[in-house]
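**Q** Numbering (full-length UniProt numbering), first residue to last: 1 to 408.
Can you keep this structure in mind? I'll have questions shortly.
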């Protein structure tokens, strides 16, 4: 599905000693942690029905995933069931809450859900969060009043909505709790492998972010291009198992990822993690293509093997296929939510306006929801913690958390 659906509906190599080289079969080793316990996170009342379907997605490692997290484009491309249009009452509540925060003088990063009352919209936001966490894994909200709010009001409003989805975590080495997705004109741009691609005009390869849920609010569109696309990584997993099981097995082994010079205390410049992680009845996918490529700059890592390259290329090809891929041209006021454990997303290259104030601009939230999934120990290397509701993001020594009003 290419183009704007909204127009119709308005609406590294593995080192010695790794589990790749030990004597047991891969499936046997992965299974050791997979069935440690059969307990699952208790869902919120609103999510009970959806979560009951999703608790056990996969019966064993390297077997097909089942449930609402596995979907294909045909199921949604001709429907707006995944789009929520903010109502007049929603906007009234949002405006009053924003004005209340402004009057209080409270720092945006300190605003909590209690400080941002949304009597009608709030419960709806929690339902939306639960669908993203335990359902299909994506949602679009339309009609955020970016044209009526000031810059400060927009940031406050977006932050306030986020308090209903979970804890916002840092997104970069500057400890930004709201990120600005905008071309900063960085030296080398997207051609420099250590630059974060979101701060350039270049195409972003398929990836997920190192947090449970990502939110993107569109403020300004590019002059040309910038198409957003996403696919079910669980459907990619199933397709790989069917077409080339040896490649699925390759992606269940650790791959090296670069930190792109955003190195937390006590950590090295790279780490390793599988794409396909099986834990407590779930498949937890973690895929960051540009970070695999960047990691090869380290002599200790070395080049990706032929099998790894083929597995990565095949993953990308399946995710980008018409069968799986959803496309959307984000318009001002569109707010997209994605579950990083089951959805991968990408952005096409774009041509931007010359004037800074007209350039393509999105606000980003990385959120750890209170009803998140249990995740395996390997994720601590990237998430910092496995604690549900308090994990993910990038925390670098020497920076305090803050919410900037513009890209920097």
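Note that beta-carbon positions come from the ideal geometry of N, C-alpha and C, so glycine has one too.
These numbers come from a predicted model, not from an experiment.
(1) If you draw a straight line from the alpha carbon of residue 335 to that of residue 218, how long is it in whole angstroms?
(2) Does the separation of the CB atoms of residue 151 and residue 405 fall below 8 angstroms?
(3) Could you tell me whether the stretch 227 to 240 touches the stretch 370 to 377, where touching means 3 or more Cβ pairs closer than 8 angstroms?
(4) Does the structure place the stretch 175 to 184 close enough to the stretch 325 to 340 that three or more beta carbon pairs sit under 8 angstroms?
(5) CB-CB under 7 angstroms to residue 211, same chain, minus the five flanking residues each way: which ones, in chain order?
(6) Which of the three DSSP states is assigned to residue 62 in this structure?
(7) Rounded to the nearest angstrom, what separates residue 398 and residue 408 at their Cα positions?
(8) If I follow the unbroken alpha helix (DSSP H) through residue 289, where does it start and stop?
(9) Going along the chain, which residues of its own chain have a beta-carbon closer than 7 angstroms to the beta-carbon of residue 162, five neighbours each way excluded?
(10) Within this structure, are the beta carbons of residue 62 and residue 317 separated by less than 8 angstroms?
(11) Helix, strand or coil for residue 320 per DSSP?
(12) Output needed for residue 106: all residues of its chain with C-beta closer than 8 angstroms, excluding positions within five of it in sequence on either side, in chain order.
(13) Kindly indicate the opening and closing residues of the alpha helix (DSSP H) around residue 436.
(14) Look at the alpha carbon of residue 255 and the alpha carbon of residue 104, and state the distance between them as a whole number of angstroms.
(15) Would you kindly work out how many angstroms separate the C-alpha atoms of residue 268 and residue 88, rounded to a whole number?
(16) Does the beta-carbon of residue 154 have 16 or more other beta-carbons within 10 angstroms, so that it is buried, or is it exposed?
(17) Are three or more beta carbon pairs between the stretch 347 to 357 and the stretch 128 to 140 nearer than 8 angstroms?
(18) With distances taken from CA atoms, which of 97, 315 and 110 is nearest residue 275?
(19) Pick helix, strand or coil for residue 413, following the three-state DSSP scheme.
(20) Counting pairs of beta carbons, one from the stretch 70 to 79 and one from the stretch 220 to 235, are three or more of them closer than 8 angstroms?
(21) Roughly how many angstroms lie between the CA atoms of residue 206 and residue 402, to the nearest whole one?
(22) For residue 301, count neighbouring Cβ atoms within 10 angstroms of its own Cβ and tell me buried if that reaches 16, exposed if not.
(23) Can you grab the Cα-Cα spacing for the pair residue 396 / residue 384, in whole Å?
(24) Kindly indicate which three-state DSSP category residue 258 falls into: helix, strand or coil?
(25) Could you give the C-beta distance for residue 272 and residue 359, rounded to a whole number, given that I count them as a contact under 8 angstroms?
(26) Classify residue 277 as helix, strand or coil using the three-state DSSP reduction.
(27) Between the alpha carbons of residue 91 and residue 122, how many angstroms are there, rounded?
(28) Hey, out of 310, 280, 279 and 278, whose CA is closest to residue 289's CA?
**A** Let me spell this out:
(1) Each residue's alpha carbon lies about 6 angstroms from the other.
(2) Cβ atoms of residue 151 and residue 405: closer than 8 angstroms.
(3) Output reads no: the stretch 370 to 377 does not touch the stretch 227 to 240.
(4) Too few Cβ pairs lie closer than 8 angstroms, so no.
(5) 169, 340, 366, 367, 368, 392 and 393
(6) Look at residue 62 here: in three-state DSSP terms it is coil, with no helix or strand label.
(7) 17 angstroms
(8) 289 to 295
(9) 168, 215, 365 and 367
(10) no
(11) coil
(12) Within the same chain, 115 come within 8 angstroms of residue 106 by CB-CB distance, once the 5 residues on both sides are set aside.
(13) Limits of the chain in this structure are 1 at one end and 408 at the other, which puts residue 436 out of reach.
(14) Rounded to the nearest angstrom, the two C-alpha atoms are 48 angstroms apart.
(15) 50 angstroms
(16) buried
(17) no
(18) 315
(19) This structure gives no information on residue 413, because the portion of the chain shown stretches from 1 to 408.
(20) yes
(21) 28 angstroms
(22) buried
(23) 11 angstroms
(24) strand
(25) Wrong, their Cβ atoms sit about 36 angstroms apart, outside the cutoff.
(26) Reduced to three states, the DSSP call for residue 277 is strand.
(27) 12 angstroms
(28) 310
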